[in-house]
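Residue numbers (this note's numbering): 2 to 418.
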């Protein structure tokens, strides 16, 4: 296979990038029993954005995954308000922080009826992307849509986010629309900025059979769960054909010949794979308990992390950025996870797996998504996976507090890979 040119994109600057991000889930819609979820609002980033960017720089990062709240900047069809993003992105330039723009992090504008199911969703999301790229023509790196698998799962299979579909058919409907939106987004950005680089980010997950509760049924379930995770990468790169299990699954749950033809005829090259992994939640042990398949999260560690990265590299032979990882189980464990995962990267690179970047997510604590379905105060849902800690003050402001992970991260970055 011809070497992907993006393996060398960082060669002139040390070959490896340290990245962080600000959690940027934007689900503005709400329904009975649910609250909206705008992480920038809940973590008060809209207020303290300048301080947060200062923390990024102080900790030693030179790149930042940074989300744009589509539902705010595009308040009506064809109308855009860049007043807030102008200030933030200008300050990033002054601080010499290179953004990887997260154009879509789950939510759609209020005016887009039926959200992702709207037949014009791909057109509208691509229009928004093109408008952004034209205005900020100095920005090079983009993520067209964050975690398409999770997006389709939560919106189409679990009915957790709008448009609240359930089951495999819902998952397939969302996957179809999301993947088409990604392709159109990439094409529209490239029309404006031919030199742009796309970091296609998705969530990794590994399933394995509990040997104490093995059955053929459990094994088949595990094999399928490990295969379907590739659906978005396969679709946008034109790899889904009639011989694959993914093809048969999509066809059984609503894909038409015209849909398959679309992805074959409009395939795009993937510049960089962005892979997300959380050792506390990204690995599932599966067992057959009295004929019922049961799955539970178990600690995955670097063993499963490394295994997954190799799986993706073996399948696609593309350069990799590790775009999200962290733990939230105490400062000592956070420091250990940073050290262990950096050691793993060194091992992978020694084995010629092109891992180009490492991202601790996020720079400040985030709010757990369970906040949507509750009614008590936001501080009860703070997820302690940030490098800097959020602490609620008497005046209801969230103070950014230093943790020992900050100084440890500086040492790791200075030492390099």
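We put the CB at the ideal spot given by N, CA and C, even for glycine.
Model, not experiment: these values are computed from the prediction.
**Closest Cα partner of residue 170 within the set 129, 118, 33** = As a working note, residue 170 is residue 169 in the chain shown. Measuring from the Cα of residue 170, the nearest candidate turns out to be 118.
**Asked** Hey, quick one: how far does the beta strand (DSSP E) through residue 65 stretch, first residue to last?
**Response** Numbered from its first residue, the chain shown carries residue 65 at position 64. Taken as a continuous stretch (DSSP letters only), the beta strand (DSSP E) holding residue 65 covers 64-68.
**Asked** Considering only residues of the same chain and omitting the five flanking positions on each side of residue 398, which have a CB-CB separation below 7 Å?
**Response** Working through the chain shown from its first residue, we reach residue 398 at position 397. Cβ neighbours of residue 398 beyond the five flanking positions: 45.
**Asked** Which residues mark the beginning and the end of the beta strand (DSSP E) in which residue 421 is found?
**Response** Shown here, the chain extends from 2 to 418; a query on residue 421 therefore has no answer.
**Request:** Could you tell me how far apart the beta carbons of residue 272 and residue 194 are, in whole angstroms, since I believe they sit closer than 8 Å?
**Result:** Along the chain shown, one-based indexing puts residue 272 at 271. Along the chain shown, one-based indexing puts residue 194 at 193. Not quite, the Cβ-Cβ distance comes to about 13 Å (not below 8 Å), so this is no contact.
**Message:** According to DSSP, simplified to helix, strand and coil, what is residue 322?
**Reply:** Here residue 322 corresponds to residue number 321 of the chain shown, with the count starting at 1. Residue 322 falls in the strand class under three-state DSSP.
**Message:** Rounded to whole angstroms, what is the Cα-Cα separation between residue 238 and residue 270?
**Reply:** Taking the first residue of the chain shown as 1, we reach residue 238 at position 237. Taking the first residue of the chain shown as 1, we reach residue 270 at position 269. Rounded to the nearest angstrom, the two C-alpha atoms are 6 Å apart.
**Prompt:** Could you give the distance in angstroms between the alpha-carbon of residue 412 and the alpha-carbon of residue 354?
**Reply:** The residue you call residue 412 lines up with position 411 of the chain shown. The residue you call residue 354 lines up with position 353 of the chain shown. Residue 354 has its alpha-carbon roughly 24 Å from the corresponding atom of residue 412.
**Request:** Give, in chain order, every unbroken run of the beta strand (DSSP E) that is at least 3 residues long and sits entirely within the stretch 306-391.
**Result:** 321-325, 356-361
**Item:** Reduced DSSP category for residue 99 - H, G, I as helix; E, B as strand; rest coil
**Value:** Looking up residue 99 in the chain shown gives position 98. Strand at residue 99.
**Asked** Does the distance from the C-beta atom of residue 229 to that of residue 256 stay below 9 Å?
**Response** Here the question's residue 229 lines up with position 228 in the chain shown. Here the question's residue 256 lines up with position 255 in the chain shown. Taking 9 Å as the Cβ cut-off, residue 229 and residue 256 do not qualify as a contacting pair.
**Message:** Please state the DSSP three-state secondary structure of residue 162.
**Reply:** As a first step, residue 162 is located in the chain shown; it is residue number 161 there, counting from the start. The answer is coil: DSSP assigns residue 162 none of H, G, I, E or B.
**Prompt:** Taking C-alpha atoms, which residue in 19, 102, 31 lies nearest to residue 373?
**Reply:** Numbered from 1 along the chain shown, position 372 holds the residue referred to as residue 373. Cα-wise, what sits closest to residue 373 is 31.
**Asked** Which residue or residues does DSSP assign as beta-bridge partners of residue 274?
**Response** Your numbering for residue 274 matches position 273 in the chain shown. Note: residue 274 sits in a beta bridge opposite 201, 321.
**Asked** Are the beta-carbon atoms of residue 330 and residue 391 separated by less than 9 Å?
**Response** The count along the chain shown starts at 1 and reaches residue 330 at position 329. The count along the chain shown starts at 1 and reaches residue 391 at position 390. No, the Cβ-Cβ distance between residue 330 and residue 391 is not below 9 Å.
**Request:** Could you pull the start and end residues of the beta strand (DSSP E) that residue 399 belongs to?
**Result:** The sequence position of residue 399 within the chain shown is 398, counting from 1. Annotation for residue 399: the continuous beta strand (DSSP E) segment containing it runs 399-402.
**Message:** Considering only DSSP beta bridges, list what residue 38 is partnered with.
**Reply:** In the chain shown, residue 38 corresponds to position 37, counting from 1. DSSP output for residue 38 lists 28 as bridge partner(s).
**Prompt:** Is the CB-CB distance between residue 362 and residue 315 below 9 Å?
**Reply:** The residue you call residue 362 lines up with position 361 of the chain shown. The residue you call residue 315 lines up with position 314 of the chain shown. Going by C-beta atoms, residue 362 is not nearer than 9 Å to residue 315.
**Item:** For residue 182 and residue 127, believed in contact at Cβ under 8 Å, the rounded distance
**Value:** Counting from 1 along the chain shown, the entry for residue 127 is found at position 126. Counting from 1 along the chain shown, the entry for residue 182 is found at position 181. Rounded, the Cβ-Cβ distance is 7 Å, consistent with contact.
**Among 21, 34, 307, the one whose alpha carbon lies nearest that of residue 375** = On the chain shown, residue 375 is found 374 positions in, with the first residue counted as 1. Measuring from the Cα of residue 375, the nearest candidate turns out to be 34.
**Request:** Quick one: grab the DSSP three-state call for residue 244.
**Result:** In the chain shown, residue 244 corresponds to position 243, counting from 1. Three-state result, residue 244: coil.
**Request:** Could you pull out every residue in the same chain whose Cβ sits closer than 7 Å to the Cβ of residue 190, ignoring the five residues on either side in sequence?
**Result:** Position 189 of the chain shown, counted from the start, is the residue given in the question as residue 190. Result list for residue 190: 130, 131, 134, 143, 197, in chain order.
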